[in-house]
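First up is the structure itself, then whatever we jot down about it.
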Amino acid sequence: MTSATATLDPSLVLTDIDPRLYGNFVEHLGRCVYGGIYEPGHPTADDAGFRGDVTALVRDLRVPIVRYPGGNFVSAYDWEDGVGPREQRPRRLDFAWKTTETNQIGTNEFIDWCRLVGAEPLMAVNLGTRGMNDARRLLEYCNHPGGSALADLRIAHGWREPHAIKTWCLGNEMDATWQTGHKTADEYGRLAVETARVMRQFDDTLEIVACGSCSPGLPTYPEWDRVVLEHAYDQIDFLSLHLYVNDLERTVADYLAAPLLMEQQIRAITGLCDYMQVRHRSKKRMMLCFDEWNVWDWHYMHPADFRPWQEAPSQVEQTYRLIDTLVFGGLLITLIKHAARVRIACVAQLVNVIAPIMTATGGPAWKQGIYYPLLHGSRYGRGEVVSLQVRSQTYPTATFGEVPCLDAVATRDPSTGDLTLFAINRHQSEPLSLSVRLLDGGPYSLREHLVLTHADPLATNTREAPDTLRPHRAEGTKVCGDLISATLPALSWNVVRLAPEPLTGR
Ligand code: AHR
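In terms of the working numbering, the sequence shown opens at residue 258 and continues consecutively.
Here is the structure:
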């Protein structure tokens, strides 16, 4: 048995949490849109062709914001192709993913789907093959009420009310050599600042996200970020970050600690943003938009799925194991710890493509293991982050040195006073004995201790066995006075939920 102790002070609030921390991402890639959120003819499809089973799973996740339409796809996307009468929409080749895009879903349908699932859109503009003029035109098409050619075009297309899209991404991963129209930091910085400026001329309340460097693994990191901020600091609100982790060339012990890469990245970019704030003599604190994050093993990019020019092929459909689920949970815990600066985050992606939700075309939808940490975070991790000081036994890693077996964060919902402890036991063979002292005296009662684990670290959910990885209620967890005691199984994701006494029914 390994062990950890902690002190939890609910009265010491570290930050509020922007609900958009639990956001997601829908790209025209593989079967995310076609066969994912949209499949006319599916037994559960609604009149608009949206799959009802997927809609229900997304609603359960309470996804607050969804980034769209890409990703690499957006950097050669002509938004005009995706609006107007469907039968007149062109079929186009998407060079980025080597597919044929039918354009049966475009901006307006995406907004309808957002309304259906209760999410707000995070709209990306094409700064690869296009530029500020097209961003300006798309903004006017979407957000102007009427009385201009572009707004009236939207109305003629059947959407009378403006879409009121508040938050906009200026391109995608523009430092990446794989990006269509990729740019140097100076080229992008100039384009970003001018695009932001023209968009603000239309509406100075918009929130604007500029591309940071897209991976700590690229040589552009983090100098790209500095140069972009040099140009654009005054005109943007967010800098974007992306991170995908995997176990390639890593031991399991090191892989389980991989969320520390995200920790390092957030610290580095936060420090850079603060430096640039001072340099710009600015009152504005730059916020971070972690608009792509996940576990992604490149082996899931099967060459046959990229045979040109298929329609919505099964690209990048990763099956997540228990250990991937724990790493995903660790990334989520890291985002919550840094909620003061990371105000928006998007799992990449929502359905089928490196996704928590999987579908069979014409068949069922099911949840991958990674669905559950996201569900728990989104349901129980809203409100504020409160002080949790952890002292844990450690285990050795080659990359990170000694790493705590316990990774944890605590949140409080100010509307109910409920406390939630999210905790991972990274030890591969031993359960972890956890004692947490509550500093505000409480009293609190245990609502439940949910645990997701499995005897096989490589266990997965599949169409045939969709519930292999699913949380269950743990037994034996106690709250006695100011002491919480629990046992966290080896390799487990845990959610310990407390309510202030007397217990209210929720
Ligand atoms: O999420 C998949 C891809 O990863 C996105 O299209 C791109 O932005 C990133 O490289």
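Note that the Cβ used here is the ideal one computed from N, Cα and C, for glycine as well.
Continuous beta strand (DSSP E) assignments of at least 3 residues falling wholly in the region 409 to 455: 424 to 427
Any non-hydrogen atom of the ligand AHR within 7 angstroms of Gln361 CB: Gln361 has its Cβ no nearer than 7 angstroms to any heavy atom of the ligand AHR.
Ignore the nearest five residues each way along the sequence and tell me which others in Arg324's own chain have a CB closer than 6 angstroms to its CB. So the list reads Phe282, Leu379, Asp548 and Cys603, once near-sequence residues are dropped.
What residue does the alpha helix (DSSP H) around Asn360 start on, and which one ends it? Premise fails: Asn360 is in no alpha helix (DSSP H) and is neither H nor E.
Gln767: CB within 7 angstroms of a non-hydrogen atom of the ligand AHR: No statement about residue 767 is possible, as the shown extent of the chain runs from 258 to 763 and does not include it.
Any heavy atom of the ligand AHR closer than 7 angstroms to the CB of Glu574? no
Just to check my reading of the structure: Leu496 and Ile523 have Cβ atoms closer than 8 angstroms, yes? What is that Cβ distance to the nearest angstrom? Wrong, their Cβ atoms sit about 11 angstroms apart, outside the cutoff.
Which residues DSSP lists as bridging Arg730, in chain order: Paired residue(s): Leu707.
Could you pull the start and end residues of the alpha helix (DSSP H) that Glu487 belongs to? Glu480 to Ala489
Buried versus exposed, by CB contacts within 10 Å (16 or more), Met558: Exposed.
Per DSSP, what kind of secondary structure is Trp553 in: helix, strand or coil? coil
For Ser470, which residues of its own chain have a beta-carbon under 7 angstroms away from its beta-carbon, when the five flanking residues on both sides are left out? Beyond the five residues adjoining it in sequence on each side, Ser470 comes within less than 7 angstroms, by CB distance, of Asp432, Thr477, Tyr478, Pro479, Trp481 and Asp482 in the same chain, given in chain order.
Tell me whether Phe796 is buried or exposed, calling it buried when 16 or more other Cβ atoms sit within 10 Å of its Cβ. Outside the shown range of the chain, which is 258 to 763, sits residue 796, and nothing can be said about it.
Taking its Cβ as the centre, do 16 or more other Cβ atoms sit within 10 Å of Trp623, making it buried, or is it exposed? buried
Paired residues, beta bridge with His499 - DSSP: Listed as beta-bridge partners of His499 by DSSP are Glu549.
Cα-Cα separation, Tyr295 to Gly363: Tyr295 and Gly363 have their C-alpha atoms spaced approximately 11 angstroms apart.
Would DSSP call Cys662 helix, strand or coil? Correct three-state label for Cys662: coil.
For Trp750, which residues does DSSP report across the bridge? Ile681 and Leu709
Does DSSP put Gln776 in a helix, in a strand, or in coil? No information on residue 776 is available, as it lies outside the stretch 258 to 763 that the chain covers here.
Counting along the chain, where does the beta strand (DSSP E) carrying Ile465 start and finish? Glu464 to Ala467
For Leu695, which residues from the same chain have a beta carbon less than 6 angstroms from its beta carbon, with the 5 sequence-adjacent residues on both sides left out? Leu265 and Asp739
What are the start and end residues of the alpha helix (DSSP H) that includes Phe367? Thr364 to Val374
Under the three-state reduction of DSSP, which class applies to Ile611: helix, strand or coil? coil
Secondary structure of Thr312, DSSP reduced to three states: helix
Does the Cβ-Cβ distance between Leu745 and Asn682 come in under 8 angstroms? yes
Through-space distance from Glu758 to Ala421, alpha-carbon basis: 42 angstroms
Quickly, what does DSSP pair Ser690 with across the bridge? List them, please. Ser260 and Thr744
Based on the DSSP output, what are the partners of Asn281 in its beta bridges? Val323 and Val604
Nearer than 7 angstroms: is that true of the beta carbon of Glu687 relative to any heavy atom of the ligand AHR? Outside the cutoff, so no.
Measuring only the C-alpha atoms, how far is Val331 from Glu430? In this model, Val331 and Glu430 are separated by some 10 angstroms (Cα to Cα).
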